[in-house]
Amino acid sequence: MVELPNNFKLKLYERVGSTNTVAKELAEEGAPSFTLVVSAEQDGGRGRFNRQWVSNRGNLFYSLLIRLDINTPMLHELTFVTAVATAQTIKSFLPSERSVSIKWPNDIIVDDHKVSGALLEGSSDAGWVVIGIGINVAVTPTSAGAASLFVHSPSSLKDLGGGDLSIEDVYTRLSADINEWYEEWLKAGLSGRIFREFKELLWRKGQEVRVSFNADKGEYLQGINDGIDEKGCLLLRMPDGKQKTITAADVLAPLPF
Ligand code: BTN
Numbered sequence: 013m014v015e016l017p018n019n020f021k022l023k024l025y026e027r028v029g030s031t032n033t034v035a036k037e038l039a040e041e042g043a044p045s046f047t048l049v050v051s052a053e054q055d056g057g058r059g060r061f062n063r064q065w066v067s068n069r070g071n072l073f074y075s076l077l078i079r080l081d082i083n084t085p086m087l088h089e090l091t092f093v094t095a096v097a098t099a100q101t102i103k104s105f106l107p108s109e110r111s112v113s114i115k116w117p118n119d120i121i122v123d124d125h126k127v128s129g130a131l132l133e134g135s136s137d138a139g140w141v142v143i144g145i146g147i148n149v150a151v152t153p154t155s156a157g158a159a160s161l162f163v164h165s166p167s168s169l170k171d172l173g174g175g176d177l178s179i180e181d182v183y184t185r186l187s188a189d190i191n192e193w194y195e196e197w198l199k200a201g202l203s204g205r206i207f208r209e210f211k212e213l214l215w216r217k218g219q220e221v222r223v224s225f226n227a228d229k230g231e232y233l234q235g236i237n238d239g240i241d242e243k244g245c246l247l248l249r250m251p252d253g254k255q256k257t258i259t260a261a262d263v264l265a266p267l268p269f
C-alpha cells in the first residue's frame, strides 16, 4: 500500500476558501517544507489566469508548500515536476486503455477531457512555492447554468472508469509521486527523465493547436505544437514555418477552417 511520505505534514480541513491561500498563509507563518493542505471543500478555488476552479465535494483540493534553498533553480521548473507526477498518479487509477496526456504546461487530459489543473504560487525571493493541484476524483464539474466556466471540457476519474476512490487514496499516491519526481529534479534537474516523460505525454504534439492569450478577447495564434525548448517554453510552428516561443497561455484544440 502506498503511504504518505514521511517528510509530508498533512493538514486536513473540512472547508476552506482556497487550499493555496491557506498554504501561503502557513508559509508566511513559518510552516515547514512539505506542509500539505487538503480540504474536503473549497468555496473560493482559484485557477490559472484568475479563473475560478469549480470545486465539488468528493474532488481533491491539494496544496503542497515547498521551501527552496538558495541554490535551487527557479520555481517555474516545478511546473514540470508537478505535471509528470500528477499524470503518473492519474494513470495509476485508470484503466490502461485510457489515454493520459499533459496539456502544456500542466493540465492533465484524459481522452480529451480535463481532469486536473495546477496553480503554482510563491517566489524564489520568498524562498517557497505552493504547488496547488485540483483533481476531479468523484465528480465531473458543471457550470450550473452559467456561461461555461471551462476552457476545456472536464471529466472525473470516476466517470473515466477509476471506480470509487476516496480523496485520501488520491492525495497519498499523488504525494508519493511528487516526492519521487521532486527527488529526481534535485538530482538531475529537468533535462533528464522529467523532460523525457513530459515530452512523451505532451497533448497534441506535432498536431495543430490554438494558443489563447486572452480567452475573453479571443486573442489566439494557431499553429503546430512543436514541443518544448530547454526552458520548457512551448514551441509553436506558424503557417509560414517560423517558430514562436510561448511563455504563458492556454493551449486549446484548433478551430476548424
Ligand atoms: C487551472 O487549471 O487553472 C489550475 C487549477 C488549480 C486548482 C487547485 S485546487 C487546489 C488549489 N487551490 C486553489 O485554489 N487552486 C488550486
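With the numbering used here, letter number 96 in the sequence shown gets 108, and the count goes up by one each step, no holes. The beta-carbon is built from N, C-alpha and C at its ideal position, and this holds for glycine as well.
Counting only runs that start and end inside the region 31-104, the beta strand (DSSP E) elements of at least 3 residues fall at 47-54 and 72-79. Three or more beta-carbon pairs separated by less than 8 Å are not found between the region 131-140 and the region 244-256, which leaves the two stretches without contact. Of the heavy atoms belonging to ligand 1, none sits nearer than 7 Å to the Cβ of Asp55. Residue state for Arg205 is assigned as helix, using DSSP reduced to three classes. With fewer than three CB-CB distances shorter than 8 Å, the region 183-203 does not count as touching the region 229-241.
Note that the C-beta distance between Val142 and Ala39 is below 8 Å.
By the Cβ rule, the region 105-123 does not count as touching the region 30-39, because fewer than three pairs are nearer than 8 Å. Contact check for Ile258 against Val96 fails: the beta carbons are separated by 8 Å or more. Per DSSP, reduced to three states, the secondary structure at Thr257 is strand. Cβ atoms of Pro153 and Glu220 stay farther apart than 8 Å, at about 27 Å. With fewer than 16 other Cβ atoms inside 10 Å of its own Cβ, Asp55 counts as exposed. Taken atom to atom, the span from the alpha-carbon of Val263 to that of Asn19 is near 35 Å. Classified as exposed, Gly175 has fewer than 16 neighbouring CB atoms from the shown chains inside 10 Å of its CB. Going by C-alpha positions, Leu214 is about 11 Å away from Ser111.
Within its own chain, the residues whose Cβ lies closer than 6 Å to the Cβ of Tyr74, once the five positions on either side in sequence are excluded, are Val50, Ile145 and Tyr183, listed in chain order. Restricting attention to alpha helix (DSSP H) runs no shorter than 4 residues, the region 140-207 encloses them at 179-200, ordered along the chain.
Secondary structure note for Arg27: its beta strand (DSSP E) is the uninterrupted segment Lys21 to Val28.
Glu212 sits in a helix when the DSSP states are folded into three classes. Just so you know, the alpha carbons of Gly70 and Ile179 end up roughly 7 Å apart. In the three-state scheme derived from DSSP, where H, G and I count as helix and E and B as strand, Lys229 is classed as helix.
For Gln100, the number of other beta carbons within 10 angstroms of its own is at least 16, and it is reported as buried.
Counting C-beta atoms within 10 angstroms of its own C-beta, Pro166 has 16 or more neighbours from the protein chains shown and is therefore classed as buried.
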